[in-house]
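**Student:** Quick note on our numbering: the sequence shown kicks off at 170 and runs consecutively.
Think of the CB as a built atom: it goes at the ideal place given N, C-alpha and C, for glycine as much as any other residue.
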Amino acid sequence: MAKKDIRALTKAQLREFFVSRGDQAFRGNQVYEWLWQKSAHSFDGMTNLTKATREMLEQHFVINHIQVDAMQRSKDGTIKNAVKLHDGLIVESVLIPTETRTTACVSSQVGCSLDCKFCATARLKRMRNLNPDEIYDQVVAIDRQSRLYFDRPLSNIVFMGMGEPLMNYPNVLKAIDKITTEEGLGMSPRRITVSTSGVPKMIKKMADEGVKFNLAVSLHSAIDTVRTQIMPFNATFPLADLRDALIHWYQKTRKRITYEYVVWQGINDRREDIEALVKFCRFAPSKVNLIEYNPIDDGQFQQASEEAIRHYMQVLEANGITVTIRRSRGKDIDAACGQLANKT
Ligand code: SAH
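#1: Excluding sequence positions up to five away, which residues of its chain have a Cβ less than 7 Å from the Cβ of N403?
#2: Which residue marks the beginning of the beta strand (DSSP E) containing M240, and which one marks its end?
#3: With three or more beta-carbon pairs closer than 8 Å as the criterion, would you say the region 199-217 touches the region 263-281?
#4: Within the present structure, is the beta-carbon of E261 separated from the nearest heavy atom of the ligand SAH by less than 7 Å?
#5: Which residues bound the alpha helix (DSSP H) around V492?
#6: Given a threshold of 16 other Cβ atoms within 10 Å of its Cβ, counted over all protein chains shown, does Q182 qualify as buried or as exposed?
#7: Helix, strand or coil: which one does DSSP assign to L317?
#8: When every heavy atom of the ligand SAH is checked, does at least one fall within less than 7 Å of the C-beta of P401?
#9: What are the boundary residues of the beta strand (DSSP E) that includes P266?
#10: Pop quiz: V386 and Y428 are said to be a contact at Cβ under 8 Å. What is the actual Cβ separation, rounded to whole angstroms?
#11: Using a Cβ-Cβ cutoff of less than 8 Å, which residues in the same chain neighbour N217 once the five nearest sequence positions on both sides are dropped?
#12: Going straight from the alpha carbon of G499 to that of L459, what length do you get?
#13: Go to Y430, then tell me how far its alpha helix (DSSP H) extends in each direction, as first and last residue.
#14: I need the DSSP call for D174, collapsed to helix, strand or coil.
#15: Does the distance from the CB of R496 to the CB of K456 come in under 8 Å?
#16: Just to confirm before moving on: does the CB-CB distance between A310 and I235 stay below 8 Å?
#17: Would you mind stating whether D238 and I259 have Cβ atoms separated by less than 8 Å?
#18: From the DSSP output, which residues share a beta bridge with A251?
#19: Please determine whether the Cβ atom of C450 lies at a distance below 7 Å from any heavy atom of the ligand SAH.
#20: How would you label S483, buried or exposed, when you count the other beta carbons within 10 angstroms and need 16 or more for buried?
#21: Would you say T365 touches the ligand SAH, meaning its beta carbon is less than 7 Å from a heavy atom?
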């Protein structure tokens, strides 16, 4: 009989398991604490259980813990982890240090089912969704690296690694629950951002469920024809639907939305592109994060000139829209936005 992944069990199920074997329910709590709060990799290390109990667990269950297979450090301090999953598949996660914060950029799927033309991850076929524990483990690993190399705990999490989080919504939500409860890492949801290419139905669902984390949308164009050209799934989820979902999001959560946006030469650097973006930003309180383009080596996309980007900023700001610029981090080790492609 195949052993079961013990972290697929809820706390109640773990308690029941012990009761069904004539043991006490609180053993379930103890094991649960080891699995999540202490992030144990093996039953062996669960020192407050008897040897017999540990062996019994070993017979019934496995702990499908991730393994950091390779770690690369950028000259700017960014760390990229190649993370090996229990079935041998690999995803990547990134630690991004700044003066005041450490941010973990985590993956939600192996590969990606979307086909954004400018993103290296899109070239990997989507193999499968990550389980909640596999997402959780990436965060724990980066928290440990942050303490080890930067002498401080992890402060922020962004779901901007491989995959589309809203195409793996139940597992992403379960992982965030574990990350935010005291029984897990106890982090504030306000320090977590889920980034999506924009799946309207799921944005509405999230809003209805009253989630407390932040939302970022990879917009890149507010004109359907342009957006469909660079993000083909936009044909299925057009901007009007996205707009409605975002209005709904704001009405329910009162949380400002961040639009991620790269300006490319000859693609979205015209006046009408800026005007469309300004108009889109008026639908719901939002800010624009202009992202530096990280070339993915086929030369099809070129970042617009400094001047064109400055112009974008000026027009947005003149219209009362907050703009920030996101400089690339970890480019030399292919760890920057859109570069995660299991190259090593
Ligand atoms: N699928 C989700 C999560 C991935 S986040 C989403 O699309 O939001 C990765 C972010 O990097 C997205 O904003 C994406 O649009 C952006 N990105 C992708 N390729 C990029 C590249 N080559 N240079 C800069 N940003 C890129």
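**Tutor:** Working from what's here:
#1: The count along the sequence shown starts at 1 and reaches residue 403 at position 234. Excluding positions up to five away in sequence, the list reads D393, R396 and T397.
#2: Your numbering for residue 240 matches position 71 in the sequence shown. Note, M240: beta strand (DSSP E), Q236 to R242.
#3: Because the criterion of three Cβ pairs below 8 Å is not met, the region 199-217 and the region 263-281 do not touch.
#4: Within the sequence shown, the letter at position 92 stands for residue 261. For the ligand SAH, not one heavy atom lies less than 7 Å from the Cβ of E261.
#5: Along the sequence shown, one-based indexing puts residue 492 at 323. For V492, there is no enclosing alpha helix (DSSP H); the enclosing beta strand (DSSP E) covers residues T491 to R495.
#6: The residue you call residue 182 lines up with position 13 of the sequence shown. The residue is exposed, with fewer than 16 neighbouring Cβ atoms inside 10 Å.
#7: Taking the first residue of the sequence shown as 1, we reach residue 317 at position 148. L317 sits in a helix when the DSSP states are folded into three classes.
#8: Taking the sequence shown and counting its residues from 1, one reaches residue 401 at position 232. No - the ligand SAH has no heavy atom lying nearer than 7 Å to the Cβ of P401.
#9: Position 97 of the sequence shown, counted from the start, is the residue given in the question as residue 266. P266 -> beta strand (DSSP E) spans I259 to P266.
#10: As a working mapping, residue 386 is identified with position 217 in the sequence shown. As a working mapping, residue 428 is identified with position 259 in the sequence shown. For a cut-off of 8 Å, the C-beta gap from V386 to Y428 is around 6 Å, short enough to register as a contact.
#11: Position 48 of the sequence shown holds residue 217. For N217, the CB contacts under 8 Å within the same chain, skipping 5 residues up- and downstream, are Q199 in chain order.
#12: Along the sequence shown, read from residue 1 onward, the residue named residue 499 stands at position 330. Along the sequence shown, read from residue 1 onward, the residue named residue 459 stands at position 290. The alpha-carbon atoms of G499 and L459 are separated by roughly 17 Å.
#13: If you number the sequence shown from 1, residue 430 lands on position 261. No alpha helix (DSSP H) contains Y430, which is instead part of the beta strand (DSSP E) from I426 to Y430.
#14: Along the sequence shown, read from residue 1 onward, the residue named residue 174 stands at position 5. Strand.
#15: Reading the sequence shown from its first residue, position 327 is the one you call residue 496. Reading the sequence shown from its first residue, position 287 is the one you call residue 456. If you check the CB distance, R496 and K456 do not come in under 8 Å.
#16: Counted from its first residue, the sequence shown places residue 310 at position 141. Counted from its first residue, the sequence shown places residue 235 at position 66. Cβ distance < 8 Å, so A310 and I235 count as in contact.
#17: Here residue 238 is taken as the residue at index 69 of the sequence shown, counted from 1. Here residue 259 is taken as the residue at index 90 of the sequence shown, counted from 1. Yes, these two residues count as a Cβ contact at 8 Å.
#18: As a first step, residue 251 is located in the sequence shown; it is residue number 82 there, counting from the start. According to DSSP, A251 bridges with A239 and E261.
#19: Along the sequence shown, one-based indexing puts residue 450 at 281. No.
#20: Here the question's residue 483 lines up with position 314 in the sequence shown. It is worth fixing the name first, because residue 483 is Gln in this sequence and not Ser. Flag for Q483 reads exposed.
#21: Here residue 365 is taken as the residue at index 196 of the sequence shown, counted from 1. Yes.
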